[in-house]
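In UniProt numbering, the protein residues as written are 1 to 585. We put the CB at the ideal spot given by N, CA and C, even for glycine. Structure record follows, encoded as structure tokens.
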């Protein structure tokens with residue numbers, strides 16, 4: 001069962017269908033993290049089916065509903081606890097009939113005591129009928145992806161002005177990761193990237209949290225398969241290239257070039273605003289999100305032609321019925337039922353077609369000329385495999401052009417500097433002046449040093465890859481995280497750069513012999529995946545859509561391990577640049 005399915009199951013069983021609540025109609029009150037969590041797993045119709053009338057945000061003004069009980073699903077933060085106390089001490093206690101409080105993770109003692117004092121002072125012991133911690137404090141972003149929804153984690157890790165907040169931020173992130181492992185039933189071996197000293201401190205915090213969950217439930221992590229699972233903690237400093245490149249796979253490209261908010265793409269069709277939801281409820285999106293934009297465009301055209309053919313066939317069948325011809329054969333009736341569903345499919349196809357065409361238009365008008373240069377800088381070789389001798393010649397002309405935006409120039413400058421093996425102390429300010437970068441945006445470039453570059457020496461450490469039939473000159477760079485995941489699964493990951501916090505006697509690579517004896521399975525890959533150990537990768541400071549795609553690709557190619565990737569937050573290039581800029585604040 002994947003991350004999203006497990007969270008859905010736990011919220012359903014421990015909150016919405018909790019024995020303490022009963023079967024009457026209720027009001028669900030959430031904070032912003034738990035709203036994203038619930039929205040990721042349920043549609044509004046599924047929530048209503050559980051006799052939930054309204055889904056309200058805790059920090060918004062709400063009308064009293066004294067005839068309804070309230071179900072609070074909250075993160076145990078100071079703001080949420082203050083708002084909860086304000087709710088339950090509402091004048092005359094008429095806001096709700098009763099309260100059932102569920103916290104997403106362990107409530108700190110000081111906040112718990114604050115609630116207890118308010119309950120005692122206002123004599124509300126009978127009003128709060130349920131008080132539980134369900135230990136799900138993350139967003140199941142996709143089936144194999146999770147987010148802590150904590151972009152401030154980047155600032156606390158890398159912003160020198162916020163060093164005093166780092167320990168508290170690490171504690172919060174460690175607890176959130178521990179709730180993920182608890183939900184998965186995992187007690188993984190913890191590894192970390194040793195090139196950043198902050199990672200060992202953070203890894204130790206995570207281990208401490210995991211030990212507490214293991215002490216509370218000794219069955220967590222039991223079994224041979226689970227004993228092979230790993231939790232790999234790395235930081236954004238492992239790869240500065242991937243967040244900067246213009247990608248041409250659909251999901252990464254769309255979030256880079258189009259105004260997508262909360263996974264919804266809005267566009268006008270004949271003056272009417274339409275919404276296209278980019279999540280896993282949308283099978284069409286799920287099928288195409290990791291494909292190259294050219295492949296997606298071709299597939300959509302085929303599907304649109306097929307829908308048109310279905311519509312023509314539907315008309316033929318309808319004309320036959322109206323003219324009194326013999327009734328439909330079973331096969332024709334089946335065709336008719338399929339065709340009746342085509343309007344919904346056609347609508348989704350139309351929306352995806354609009355999204356793809358707008359991506360292509362944006363690409364051709366703004367970034368197409370940049371993509372080849374970016375790939376050359378990232379790879380240090382051109383499309384023919386010839387070493388780039390003078391990277392500056394690649395960028396010099398483009399940096400002078402007015403129709404290249406300042407942000408795209410910044411991305412190119414950073415790629416150029418990284419191609420020169422990082423940023424030296426004598427920073428080339430003339431390059432920034434040459435490109436005409438506005439003063440307010442210049443810290444984006446200088447702040448890249450906060451991430452700890454140099455990186456791993458790519459010339460010695462990165463594996464050589466032969467392009468497969470799907471790779472193009474515009475998609476030559478492979479995120480470093482893919483090599484790391486593959487090596488971790490194959491038990492080839494360098495233990496000096498990625499040590500275990502506590503050495504384990506077994507590794508995922510040892511599993512090969514145990515799975516080879518399984519025979520007689522109709523779908524062997526699915527059988528292996530069902531019983532596989534897990535590689536959980538956590539990136540402090542943001543995961544890119546290209547890195548997310550790599551996690552799916554690695555899991556598909558290696559059936560011996562389930563791969564789950566997560567981060568403080570999911571980032572597009574513009575969000576990465578925004579994070580860098582804020583490091584000066």
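A distance below 8 Å separates the beta carbons of residue 554 and residue 485.
Scanning its chain for C-beta atoms nearer than 8 Å, with the 5 sequence neighbours on each side dropped, one finds around residue 438 the residues 406, in chain order. Taking the C-beta atoms as reference points, residue 155 is found no nearer than 8 Å to residue 552. The beta carbons of residue 434 and residue 195 sit no closer together than 8 Å.
Straight-line spacing of the CA atoms in residue 358 and residue 258 works out to 8 Å. Of 251, 217, 136, 213, the smallest CA-CA separation from residue 14 is found for 136. Per DSSP, the unbroken alpha helix (DSSP H) holding residue 121 starts and ends at 109–121.
Residue 537 holds the alpha-carbon nearest to the alpha-carbon of residue 230 among 537, 550, 295, 579. Beta-bridge annotation (DSSP): residue 269 is paired with 272. In the same chain as residue 28, and ignoring 5 residues on each side of it, the C-beta atoms closer than 6 Å to its own belong to 52, 55, 71, in chain order. The alpha-carbon of residue 179 is positioned some 21 Å away from that of residue 500. For residue 401, there are no CB contacts under 6 Å within the same chain when 5 residues up- and downstream are skipped.
Restricting attention to 441, 436, 445, 399, the CA atom closest to the CA of residue 417 is found in 445. Judged by DSSP secondary structure, residue 393 falls within the alpha helix (DSSP H) whose first and last residues are 391–400. Each of 147, 95, 158 was checked against the Cα of residue 580, and the nearest Cα belongs to 158. When the Cα atoms are used, residue 223 and residue 285 turn out to be separated by approximately 36 Å. Of the candidates 83, 545, 176, 97, the residue whose Cα lies closest to the Cα of residue 290 is 545. In terms of CA proximity to residue 111, 76 leads the group 76, 168, 212.
Here residue 199 is buried. Its C-beta has 16 or more other C-beta atoms within 10 Å.
Nearest in C-alpha terms to residue 240, of all of 62, 122, 547, is 547. Contact between residue 84 and residue 104 is absent: CB atoms are separated by about 13 Å, not below the 8 Å threshold.
Secondary structure note for residue 225: its alpha helix (DSSP H) is the uninterrupted segment 224–227. Taking the Cα of residue 182 as reference, the smallest distance to any Cα among 482, 6, 129, 21 is reached at 6. Membership of residue 132 in any alpha helix (DSSP H) is not indicated; the residue belongs instead to the beta strand (DSSP E) covering 128–133. Only exposed fits residue 60, as fewer than 16 other CB atoms lie within 10 angstroms of its CB. By a beta-carbon distance limit of 8 Å, residue 248 does not contact residue 378. Their separation comes to about 14 Å.
Listed in chain order, the non-local C-beta contacts of residue 36 below 7 Å within the same chain comprise 139, 149, local neighbours out to five positions each way being set aside. In the assembly as shown, residue 480 is a buried residue. Its beta-carbon has 16 or more other beta-carbons within 10 Å. Distances from the alpha-carbon of residue 260 to those of 114, 162, 307, 276 put 276 closest. Assignment of beta-bridge partners to residue 96 by DSSP yields 65. Within the DSSP secondary-structure output, residue 230 pairs in a beta bridge with 189, 535. Following the DSSP letters along the chain, one finds residue 29 inside the beta strand (DSSP E) bounded by residues 26–30.
The C-alpha of residue 177 lies about 49 Å from the C-alpha of residue 309. Between residue 102 and residue 299, the alpha-carbon positions lie close to 45 Å from each other. With contacts defined as CB atoms closer than 8 Å, residue 562 and residue 532 qualify as a contacting pair. Note on residue 385: under 16 other CB atoms within 10 angstroms of its CB, so exposed under the neighbour-count rule.
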